[in-house]
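See below for the structure under consideration.
2 protein chains.
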Amino acid sequence: MSDEQELGITESKEYNTGEWYAEVVQKANLANYAPEGMSGFIVTRPRAYELWERIQGHLDSLFKDTGVQNAYFPLFIPESYLEREKDIVEGFDPEVAWVETAGNQELEERLAVRPTSESIITPYISQWVRSHRDLPLRVNQWASVVRWEATETKPFFRTKEFLWQEGHTAHATREDAWAETMRRLDQYEATYEDLLAMPVLRGAKPEHDKFPGADTTTTVEALMPDGKSVQGATSHYLGTSFAEAFDITYTDEDEESQIAHTTSWGLSWRAIGALIMTHSDDQGLVLPPAIAPEQIVVVPIWQADTKEEVLEYAEGITEDLEDAGVRVELDDRDERNPGFKFNEWELKGVPVRMEIGPNEADDGTATLVHRPDGESTEVDREDIAETVESHFDEVYAKLYAAAEENLAQNVREADSRADILGTIGQHGGYVKAPWCGDEDCETEIKDQIAAEIVMVPLDDDEAEIHHDDDCAICGDAAVETAYFAKSY
Amino acid sequence: MSDEQELGITESKEYNTGEWYAEVVQKANLANYAPEGMSGFIVTRPRAYELWERIQGHLDSLFKDTGVQNAYFPLFIPESYLEREKDIVEGFDPEVAWVETAGNQELEERLAVRPTSESIITPYISQWVRSHRDLPLRVNQWASVVRWEATETKPFFRTKEFLWQEGHTAHATREDAWAETMRRLDQYEATYEDLLAMPVLRGAKPEHDKFPGADTTTTVEALMPDGKSVQGATSHYLGTSFAEAFDITYTDEDEESQIAHTTSWGLSWRAIGALIMTHSDDQGLVLPPAIAPEQIVVVPIWQADTKEEVLEYAEGITEDLEDAGVRVELDDRDERNPGFKFNEWELKGVPVRMEIGPNEADDGTATLVHRPDGESTEVDREDIAETVESHFDEVYAKLYAAAEENLAQNVREADSRADILGTIGQHGGYVKAPWCGDEDCETEIKDQIAAEIVMVPLDDDEAEIHHDDDCAICGDAAVETAYFAKSY
Ligand SMILES: [Zn+2]
Ligand SMILES: [Zn+2]
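From first to last, the protein sequence lines are chains R and P. For the first sequence, my numbering begins at 39 and goes up steadily by one. For the second sequence, my numbering begins at 39 and goes up steadily by one.
Right, here's the structure in full:
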């Protein structure tokens, strides 16, 4: 793709994070902006779509191993269905795109392009559940949704259309539904950690910020390099509110009618944005090996008289790696010099580079260079696939450790309003403070510094909860530990 | 799912194909109709979506092995983009759904919900192609599209929204683009044959029925049990018409600007409809083992005193099959008798049933029953996984042979207008006739019996082409062999 020819990131990640991010997305061929008249939309190019395919594959196999089935519901939702949901979940008022004319005719009822699908999925779940033997019932949909937000576009973080999955389940008991909520949160956490090399914080949203209609909204939060938090995925225990509204009842073993408990959970392509933002640097994209389109690039370095020997040696290694299932690219282009190739593959985020010159070919070795820190190692030709795999593990470990260190350094404590404001103002990141649970105390912080409570620890993590302290803002008795942060 | 309880197909495949099909779709839990106000849409339930996932997986891996990358383009297309395509491809006037209001505001330009995406994909391909080194460029999208046709809904065959893939490629030469067109047609044919156990006919659409703007439209056609032909997938060689209109040019090795040759190709969930229609029977769904959600169901048959022994034996076999990667379901429900279970799994299309009673447990055997014809075989417990796999092969072979025989018996020849009309009227299926190439001669047949020319053999299959005969309709010199058929 020829727009690769303008190589080189010019913006600084540290000083100009937003512009740097936009430049990486464009120059690493991840996305283009959509045509005029469609601001807020993006074209997801193959290299970014492949990241989404790997996230999808990873998560989908976790889902399927734990009883989830995929389905597909219509793209449109009749207005009356959305209205019905509004009645249940006060405050739910998505900014939607409407279809009023189709096939050259005005529709009797206008149709929303789905902003989320629970208002159409839940009535069908109600139809499909009759007996306790039908439970638990778990349905998931991978699709795009449209929310017509007017805010500035940031590819993968904020777009009017985005790709995501939404899971919806029904259960006989509260315990079973709660276990489901936690199971999905665990799977989101594992996906961030194992696939994306990103540590996350787990917690619940405060009462006033949970999903409308939910009993509990849980979240995984990831810290971005600019000190802001990203909500990485959410998992909701919905109690019986949706089941009551949509009549999801079942007959139990004694033939009595019972109301079901439901959950829902979702992860969007924002995960791609968080991934790019976390690991990449001023040379371009950085990717963990498990998700990288190419895991290793082999760059042969020759003069006219060594070309044949070096190339043959490089091809042999490439073949061995392919046979071992490694995603390897041999960059044998004649028209580019090695320095150009190094820069290009660094920009594209290939985790490990292998350099092969006549010395390596003669000695039966190869030089491996790690993308994140440029560390270079000479390795033996023998068992090359195993060696390369172990270097992938090292690169993963480096990326994870750096993100983990950044997170650990950016969770601070505060015990007064001034302290909260000052700490976030100076450092960003998370500030933990004892909190009375009252939204007004959050509002005071929000109004002054645009930080909010992104999570409180889950009840099962008792140690974190400030039962004995006073609220850092109002001085009343604290019942929670609030994590304040600026947020995407 | 409780609606399974109304078991049993009541309509006849032979005498009432349409109603029989609708009943199979509903009772095998494949799809529901969408809510009121959304006629023409369906809810794709997990058992049908799993069929789509396997078709997608099969085809996607063929695509990726041959250089295709997936991408994702916006759901909406500005009206001016669609208009631009209309200019190129006279006659292209999809019935679209329009978004005119979004986020509580009227849009400056209305947006079409994509009826197909070439009008937005092609301009980006134009942006991405600069040099001959960027070619071939191959992009594919898996997504849903919306076409507001007013005709009656038939799940998977005819719905206002459907799932499909569309591939778009650009090439330096005509030869390369034509090879691509044939490569995709081959892959569609292989998917029908290998995965769906359906033989297809390959051919080209007549000049007057090709995709607007295309140089050549190729097709795979499948014969349905009611004697009608289904267009199973299409692959278009677009020549340079799209490249000219959208300015897809590249600089060649001599730095001269050249126009690219492009192709496009697509397959929709109509493949699911054709699959259901072809193999299923008056007992319900029939599926080839490669695509079936459950490939085999183990039904233990016990009395109170033999239950423990039989169940333990059945569990051991189930485990062996699972370990070998077989998709197996052990139906150990207490509340259902074996006869009920047999009927239910027949309805659901499980290709092989294993019956295990006390005799089998004592003798170290098992009874295998083939879904398509009820053939029953006693087999040894030893090497059970291998044995079961070979029975899968047998079931596949039976399904394929039956469909192949049906196809072979339903391609007939005719050499006069009366003969064409009479043969299609009496038998349905395909009627081959020498044809002059003039649309008027097709119109005569169409007007009288609603049959059309669904394909002509491809040029590379010279033997099929009637160069020496006269057109069966007008008597002028024939230049093609036309395959007339009624069509979905
Ligand atoms: Zn307070
Ligand atoms: Zn004629």
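Glycine included, each C-beta is placed from N, C-alpha and C at the ideal position. None of the values given here were measured: they were computed from a predicted structure.
Which chain R residues are close to residue i, counting only those with a beta carbon under 9 Å from its beta carbon?
i        : result
P:Ala210 : What P:Ala210 touches in chain R: nothing, since even the nearest Cβ is about 14 Å away.
Within its chain, find whatever has a CB closer than 7 Å to the CB of residue i; leave out the 5 residues flanking it on each side and keep chain order.
i        : result
P:Phe430 : Pro327, Gln333, Pro389 and Val390
P:Asp372 : none
P:Tyr230 : Met236, Val238, Val258, Ala260 and Gly270
R:Ala399 : Glu347, Val348 and Tyr351
R:Met493 : Leu239, Gly241, Ala242, Lys243, Thr257, Glu259 and Tyr521
P:Ile487 : Leu459, Ile462 and Gly463
P:Ser40  : Annotation note: pLDDT 43 at P:Ser40 (below 50); position unreliable, coordinate value reported separately. Contacts found: none.
P:Asp285 : Ser164
P:Gly104 : According to the sequence displayed, residue 104 of chain P carries Thr and not Gly. Here the set comprises Arg221.
Under the three-state reduction of DSSP, which class applies to residue i: helix, strand or coil?
i        : result
R:Thr17  : As displayed, chain R neither begins before 39 nor continues past 526, which places residue 17 of chain R out of reach and without an answer.
R:Glu213 : helix
R:Glu259 : strand
P:Arg371 : coil
P:Ile394 : strand
P:Met236 : coil
P:Ala181 : strand
P:Pro84  : helix
P:Phe114 : strand
R:Trp473 : strand
P:Thr219 : helix
P:Val62  : helix
P:Asp319 : strand
R:Cys512 : coil
R:Tyr275 : strand
P:Glu49  : coil
P:Phe130 : Note on P:Phe130: pLDDT 49, under 50, position unreliable in the model; no value is reported.
P:Asn444 : helix
Run through chain R and tell me which residues come within less than 7 Å of residue i, C-beta to C-beta.
i        : result
P:Ser182 : Leu113
P:Glu213 : Residues of chain R passing the Cβ test: none, with the nearest at roughly 23 Å.
P:Ala72  : Pro112
P:Ala188 : Gly141
P:Glu91  : Asn108
Could you pull out every residue in the same chain whose Cβ sits closer than 8 Å to the Cβ of residue i, ignoring the five residues on either side in sequence?
i        : result
R:Ala423 : Asp358, Leu359, Asp361, Ala362 and Val364
P:Thr548 : The requested residue 548 of chain P does not occur in the structure, where chain P is confined to residues 39 to 526.
P:Tyr53  : none
P:Asp476 : Cys509, Cys512 and Asp514
P:Phe130 : Confidence at P:Phe130 is low in this model, with a pLDDT of 49, below 50, so the placement of that residue should be treated as unreliable; the coordinate-derived value is given next. If we look at P:Phe130 and ignore the five residues flanking it on each side, its Cβ neighbours are Glu123, Lys124, Pro250 and Gly251.
Who are the neighbours of residue i on chain P, taking C-beta pairs under 8 Å?
i        : result
R:Val137 : Ala135, Trp136, Val137 and Val151
R:Glu147 : Gly75
Rounded to whole angstroms, how far is the Cβ of residue i from the Cβ of residue j, which I believe are closer than 8 Å?
i        : j        : result
R:Glu133 : R:Trp186 : 4 Å
R:Leu305 : R:Tyr226 : 6 Å
R:Glu329 : R:Arg85  : A small fix is needed here, since residue 329 of chain R is Ile in this sequence, not Glu. So it is not a contact: roughly 11 Å between Cβ atoms.
P:Phe378 : P:Arg308 : At roughly 33 Å, the Cβ-Cβ gap does not stay under 8 Å, so P:Phe378 and P:Arg308 are not in contact.
P:Tyr526 : P:Val177 : With a Cβ gap of about 29 Å, P:Tyr526 and P:Val177 do not count as contacting.
R:Leu149 : R:Ile115 : 7 Å
P:Ala281 : P:Ile355 : In fact, because the Cβ distance is near 58 Å, the residues do not count as touching under 8 Å.
P:Ala140 : R:Trp136 : 7 Å
R:Gln179 : R:Ala109 : 6 Å
P:Thr191 : P:Thr197 : 6 Å
P:His317 : P:Ala215 : Contact flag wrong, Cβ pair sits at about 35 Å.
At 8 Å on the CB atoms, spell out the chain R contacts of residue i, in chain order.
i        : result
P:Ser177 : First, the residue type needs correcting, since residue 177 of chain P is Val and not Ser in the sequence shown. Simply Pro84.
P:Asn375 : The contacting residues do not exist; P:Asn375 stays about 16 Å from chain R at best.
P:Tyr119 : Pro73
Which residues in chain P have a C-beta closer than 7 Å to the C-beta of residue i? List them in chain order.
i        : result
R:Pro116 : Pro73, Gly75 and Met76
R:Glu424 : Within chain P, no residue comes near R:Glu424; the closest Cβ sits about 26 Å away, beyond 7 Å.
R:Tyr87  : Asn108, Ala109 and Tyr110
Can you list, in chain order, the residues of its chain whose CB lies under 6 Å from that of residue i, leaving out five sequence neighbours each side?
i        : result
P:Asn70  : Val81
P:Thr425 : Val417
P:Thr55  : Asp264
P:Asp507 : Pro472 and Ala516
P:Ser13  : A query on residue 13 of chain P cannot be resolved here, the shown segment of chain P reaching from 39 to 526 and no further.
Using a C-beta to C-beta distance shorter than 9 Å, which residues of chain P count as neighbours of residue i?
i        : result
R:Val81  : Ala109, Tyr110, Phe111, Pro112, Ile158, Ile159 and Tyr162
R:Leu201 : Tyr110
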